[in-house]
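Chemist:
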Amino acid sequence: MAGENEGLAIGIDLGTTYSCVAVWQRNRVKIIPNDQGNRITPSYVSFNQAERLIGDAAKNVVALNPTNTVFDAKRLIGRRFSDPLVQSDKKHWPFKVICGANDKPMISVTYQGEEKLFAAEQISSMVLANMKDIAEAFLGFPVKNSVITVPAYFNDSQRRATKDAGTLSGLNVLRIIAEPTAAAIAYGLDKMSSSSDEKNVLIFDLGGGTFDVSLLTMVKSTFKVKSTAGNTHLGGEDFDNRVVNYLVQDFETRHKKDIRDNPRALRRLRTACERAKRNLSFMALTTIGIDCLYEGIDFEYKLTREKFEELNMDLFEKCIGHVEKCLKDGKMDKKSVHDVVLVGGSTRIPKVQQLLQDFFIGKQLCKSIHPDEAVAYGAAVQAAILTGQDNHEIRDLIWWDVTPLSLGISVNENEMRVVVPKNTTIPTKKEDAAFTNLDHQTGITFMVYEGERPRASDNIQLGKFVLSGIPSALMGVHKFNVCFEIDANGILTVSAEDKTSGKTNSITISNVKGMLSSKDEIERMLEEAERFELEDEEHKKSFNARGLLVTYVYVTRNLVTKVAASTEAIKIEDEIKQAIKWLDEHRVGKSELFENKTKELKSIWDPIIRG
Ligand code: AMP
């Protein structure tokens with residue numbers, strides 16, 4: 133049995149709060165229920181004196197064992213401890229996160245009476261191993277291969293760490309794919325038609341803790357992510373919190389008692405509010421009733437859908453703002469969007485659906501895919517394609533992602549030379565040329581950056597590497613081929629080759645050093661690029677002007693050295709040395725400074741060179 137099923141692969145949606153596993157079986161996708169019969173499983177791991185619990189069992193004890201029950205590992209994975217997002221998240225978690233070696237965040241828990249430290253990948257690997265177990269129990273044979281999904285904005289480091297988590301869990305990760313792409317695959321399969329017209333699809337993914345909007349273009353059954361937007365802290369939990377805070381105040385008004393100092397009471401209230409919120413997706417009124425909530429006082433409140441909407445309206449509107457931004461980034465008019473797909477449990481909220489439908493001028497929303505399962509569904513389809521278990525129709529489905537920011541190297545005194553432009557479809561391989569910019573340079577440092585600003589230092593430095601042992605030569609003699617390669621998992625490798633000596637070196641942005649931007653950073657950087665547009669324009673002009681001057685000075689020098697020993701031109705050798713010194717002293721400056729200097733030198737040198 134196992135032999136015949138050896139190649140089979142499962143699709144796993146590794147979520148922040150819940151995970152879901154699916155498999156392609158008998159020409160269709162099967163969402164696999166866990167041992168409790170639930171089709172989604174909490175991404176929770178709990179440690180105690182005797183054992184380790186995962187999934188529903190772990191979530192059930194969160195109130196009893198809060199400091200040793202870990203969730204939200206996805207918010208930590210692939211990030212540094214000093215990341216401002218980690219610092220702010222940390223304040224809200226009941227479990228402890230400390231700074232490990234190389235600025236790696238480590239989760240500290242007491243397990244079997246001892247303090248144990250776990251990296252986020254280890255926690256995620258336990259969640260993944262649990263999903264693997266769920267699949268194996270259902271299928272009745274061991275499963276090795278998998279496709280795992282990550283948010284579209286996940287950077288190299290986060291994707292890599294997720295892949296590591298998969299490997300740690302005993303899975304062979306065939307591919308990491310973006311969540312909206314997976315949802316689109318599920319959607320494309322639903323709607324597969326013979327139409328060859330281009331289709332624009334907006335994936336609106338509002339889950340428990342995060343909100344992601346992605347704009348995809350689909351031609352036949354090929355998907356391409358055009359743009360992404362969203363918020364890493366916006367979702368169902370925020371809606372619950374609004375209700376909790378409102379009811380805490382209500383309790384205070386009624387009983388003159390503040391329940392905020394009682395974590396257990398707060399937790400019970402939160403659970404009841406979450407349940408009420410779900411009810412309000414189907415009813416107009418629901419009752420929240422909790423016996424002995426605080427100091428023996430019972431609590432009851434009749435919550436209307438209207439009140440729930442009023443408490444959360446600004447958050448719902450925020451979601452629509454992100455949709456607008458996503459369309460703007462993708463340079464697409466809302467009328468050009470053919471389908472709007474709902475993903476994530478919170479898209480069941482009627483007001484959210486209504487606002488979205490109004491924004492798209494009455495367009496019918498696609499709800500045919502189960503919102504909690506669409507991502508795992510698509511991952512299972514992708515897994516079937518990769519293992520050749522699919523029928524030939526779905527083999528035509530190809531997935532594409534894009535780079536959220538431009539990638540490049542620093543050249544010519546801090547100029548950002550873009551090698552892979554923003555929104556390039558991945559996997560991709562792009563090459564560019566670079567030259568030595570000093571005489572007798574025997575080593576060159578390649579600094580890799582991500583961002584939209586013309587000055588490299590205004591962007592995010594991802595890493596650097598040195599190509600040394602280059603034979604000594606004058607500036608500009610050595611030409612380097614710089615290659616940026618992003619693989620199907622979104623992992624970036626940058627290499628450089630000296631064309632003269634054949635020497636090469638490369639860097640793969642590693643987990644520990646990985647500093648690729650987070651989604652919030654991407655938003656900040658894009659916003660900064662807009663804000664500093666004028667200033668950046670001047671930097672670009674200045675880089676160009678200095679670049680032209682450098683070229684003019686060095687080309688003149690080469691001409692003089694090659695042909696001039698006995699001619700008039702020898703007279704300007706000293707002036708060239710002076711000009712090189714001047715350039716050294718004026719690494720930055722206004723464009724006019726370099727333009728004027730070029731004019732000045734040209735007026736003297738051109739007549740001499742031309743003879
Ligand atoms: P996800 O992360 O996609 O699994 O979404 C989980 C979130 O969806 C949680 O905050 C749930 O409370 C929320 N959710 C699930 N079902 C409903 C519903 N019927 N109405 C409103 N929110 C829901």
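So the sequence shown is numbered by my numbering: it starts at 133 and just counts up by one. We treat Cβ as the ideally placed atom computed from N, Cα and C, and that holds for glycine. Since the model is a prediction, treat every value here as computed from it, not as a measurement.
1. Given the structure, does G368 come close to the ligand AMP, in the sense that its CB is under 7 Å from one of the ligand's heavy atoms?
2. How would you label L366, buried or exposed, when you count the other beta carbons within 10 angstroms and need 16 or more for buried?
3. Which residue marks the beginning of the alpha helix (DSSP H) containing C458, and which one marks its end?
4. Figure out for me which residue from E138, N170, L497 has the closest Cα to the Cα of Q486.
5. Do the segment 182-194 and the segment 282-300 make contact, defined as three or more Cβ pairs closer than 8 Å?
6. May I have the straight-line CA-CA distance separating K635 from D215, to the nearest angstrom?
7. Quick check: T360 and A284, are their CB atoms within less than 8 Å of each other?
8. Report all residues from its chain with a CB closer than 7 Å to the CB of L338; omit the five preceding and five following residues, and keep chain order.
9. Count the other C-beta atoms from every protein chain shown that fall within 10 angstroms of the C-beta of N332, then say buried if there are 16 or more, exposed otherwise.
10. Beta carbon of R81: closer than 7 Å to some heavy atom of the ligand AMP?
11. What span of residues does the beta strand (DSSP E) with Q496 cover, start to end?
12. Going by the beta-carbon positions, is the gap between L488 and V473 smaller than 8 Å?
13. Assign E138 to one of two classes, buried (16 or more other C-beta atoms within 10 Å of its C-beta) or exposed (fewer than that).
14. Quick check: the Cα distance between L140 and P312, rounded to an integer number of angstroms?
15. Who are the Cβ neighbours of P395 in its own chain at under 6 Å, not counting the five residues just before and after it?
16. Could you say if the segment 264-277 and the segment 237-250 meet the contact criterion of at least three C-beta pairs nearer than 8 Å?
17. Could you tell me whether the Cβ atoms of V552 and T560 are closer together than 8 Å?
18. Taking 7 Å as the line, does the beta carbon of Y150 fall inside it for any heavy atom of the ligand AMP?
19. Under a three-way DSSP split, which group does W156 fall into?
20. Which residues does DSSP list as the beta-bridge partners of E582?
21. Alpha helix (DSSP H) containing T299: first to last residue?
22. Would the beta-carbon of D204 be found less than 7 Å away from any heavy atom of the ligand AMP?
23. Is it buried or exposed for P493, if we count other Cβ within 10 angstroms and need 16 for buried?
24. With DSSP collapsed to three states, give me the class of L599.
25. Mapping the DSSP letters down to three states, classify V475 as helix, strand or coil.
26. When the Cβ atoms of the segment 578-592 are set against those of the segment 701-716, are three or more pairs found closer than 8 Å?
27. Report yes if the CB atom of V279 is closer than 8 Å to the CB atom of L306, and no otherwise.
28. Under 8 Å between the Cβ atoms of Y426 and A397?
29. So is D528 buried or exposed if we call it buried at 16+ other beta carbons inside 10 Å?
30. Apart from the five residues just before and just after S600, which ones in its own chain have a Cβ nearer than 6 Å to its Cβ?
31. Figure out for me which residue from R160, D738, P603 has the closest Cα to the Cα of A318.
32. Alpha carbon to alpha carbon, what distance is there between I309 and L648?
33. Okay, do the segment 577-589 and the segment 536-544 touch, 3+ Cβ pairs below 8 Å being the bar?
34. What separation, rounded to the nearest whole angstrom, lies between the Cα atoms of G622 and K673?
35. Which stretch, first to last residue, makes up the alpha helix (DSSP H) that contains E724?
36. Tell me which same chain residues have a C-beta within less than 7 Å of the C-beta of Q514, skipping the five on either side of it?
Modeler: Concretely, from the data shown:
1. Start at 1 with the first residue of the sequence shown, and residue 368 comes out as number 236. Checking the 7 Å criterion, the Cβ of G368 is within range of a heavy atom belonging to the ligand AMP.
2. Indexing the sequence shown from 1 puts residue 366 at position 234. So L366 ends up on the buried side.
3. Numbered from its first residue, the sequence shown carries residue 458 at position 326. Residues 437-461.
4. Counting from one through the sequence shown, the residue named residue 486 turns up at place 354. The candidate whose alpha carbon is nearest that of Q486 is L497.
5. The segment 182-194 vs the segment 282-300: no contact.
6. By one-based count along the sequence shown, residue 635 stands at place 503. By one-based count along the sequence shown, residue 215 stands at place 83. Taking the straight line from one Cα to the other gives about 36 Å.
7. Position 228 of the sequence shown, counting from 1, holds the residue named residue 360. Position 152 of the sequence shown, counting from 1, holds the residue named residue 284. One thing to note: T360 has its Cβ within 8 Å of the Cβ of A284.
8. For this step, residue 338 is matched to residue 206 along the sequence shown. These residues qualify, in order along the chain: G367, C451, G476, S478, T479, V484.
9. Start at 1 with the first residue of the sequence shown, and residue 332 comes out as number 200. By the 10 Å Cβ count, N332 comes out buried.
10. Residue 81 lies beyond the range of the chain shown here (133 to 743); nothing can be said about it.
11. Taking the sequence shown and counting its residues from 1, one reaches residue 496 at position 364. Careful: Q496 lies outside any beta strand (DSSP E) and carries neither H nor E.
12. Taking the sequence shown and counting its residues from 1, the one referred to as residue 488 is at position 356. Taking the sequence shown and counting its residues from 1, the one referred to as residue 473 is at position 341. No; because the gap between Cβ atoms is not below 8 Å, this pair is not in contact.
13. Residue 138 sits at position 6 when you count from the first residue of the sequence shown. Burial call: exposed.
14. For the purposes of this step, residue 140 is taken as the residue at position 8 of the sequence shown. For the purposes of this step, residue 312 is taken as the residue at position 180 of the sequence shown. Within the model, the alpha-carbon separation for L140 versus P312 is close to 23 Å.
15. Residue 395 sits at position 263 when you count from the first residue of the sequence shown. Apart from sequence neighbours up to five positions away, no residue of its chain approaches P395 with a beta-carbon distance below 6 Å.
16. Counting C-beta pairs closer than 8 Å gives fewer than three between the segment 264-277 and the segment 237-250, which falls short of the contact rule.
17. Working through the sequence shown from its first residue, we reach residue 552 at position 420. Working through the sequence shown from its first residue, we reach residue 560 at position 428. With respect to the 8 Å criterion, V552 and T560 are classified as neighbours on the basis of their beta carbons.
18. Here residue 150 refers to the residue found at position 18 of the sequence shown. Yes - the ligand AMP has a heavy atom lying nearer than 7 Å to the Cβ of Y150.
19. In the sequence shown, the residue the question calls residue 156 occupies position 24. Three-state DSSP puts W156 in a strand.
20. As a working mapping, residue 582 is identified with position 450 in the sequence shown. Residue pairing by DSSP puts E582 in a beta bridge opposite L539, I592.
21. Counting from one through the sequence shown, the residue named residue 299 turns up at place 167. Note, T299: alpha helix (DSSP H), 288-300.
22. The residue you call residue 204 lines up with position 72 of the sequence shown. No, since every heavy atom of the ligand AMP falls outside the 7 Å radius drawn around the Cβ of D204.
23. What you label residue 493 is simply residue 361 of the sequence shown in a count that begins at 1. Per the sequence shown, residue 493 should be read as Ile rather than Pro. Exposed, by the Cβ-count rule.
24. As a first step, residue 599 is located in the sequence shown; it is residue number 467 there, counting from the start. Residue state, collapsed to three classes: strand.
25. Here residue 475 is taken as the residue at index 343 of the sequence shown, counted from 1. Strand, per DSSP.
26. The segment 578-592 is not in contact with the segment 701-716.
27. For the purposes of this step, residue 279 is identified with residue 147 of the sequence shown, where counting begins at 1. For the purposes of this step, residue 306 is identified with residue 174 of the sequence shown, where counting begins at 1. Going by C-beta atoms, V279 is nearer than 8 Å to L306.
28. Mapped onto the sequence shown, residue 426 falls at position 294. Mapped onto the sequence shown, residue 397 falls at position 265. Their beta carbons are under 8 Å apart, which means Y426 touches A397 by this criterion.
29. Locating residue 528 in the sequence shown gives position 396, counting from the first residue. Any reading at D528 needs caution, since the residue's pLDDT is 46, under 50, leaving its predicted position unreliable; the model's value is listed next. In this structure D528 is exposed. Its beta-carbon is surrounded by fewer than 16 other beta-carbon atoms within 10 angstroms.
30. Counting from 1 along the sequence shown, the entry for residue 600 is found at position 468. Beyond the five residues adjoining it in sequence on each side, S600 comes within less than 6 Å, by CB distance, of G575 in the same chain, given in chain order.
31. Within the sequence shown, residue 318 is the residue found at index 186, counting from 1. Cα-wise, what sits closest to A318 is R160.
32. Here residue 648 is taken as the residue at index 516 of the sequence shown, counted from 1. Here residue 309 is taken as the residue at index 177 of the sequence shown, counted from 1. Low local confidence applies: a pLDDT of 47 at L648 is under 50, so the model's placement there is unreliable, and no value is given.
33. Yes, they touch.
34. Locating residue 622 in the sequence shown gives position 490, counting from the first residue. Locating residue 673 in the sequence shown gives position 541, counting from the first residue. Each residue's Cα considered, the two are about 33 Å apart.
35. Position 592 of the sequence shown holds residue 724. 723-742 is the extent of the alpha helix (DSSP H) around E724.
36. Taking the sequence shown and counting its residues from 1, one reaches residue 514 at position 382. Contacts found: G143, V279, R307, I309, A314, I317, W531.
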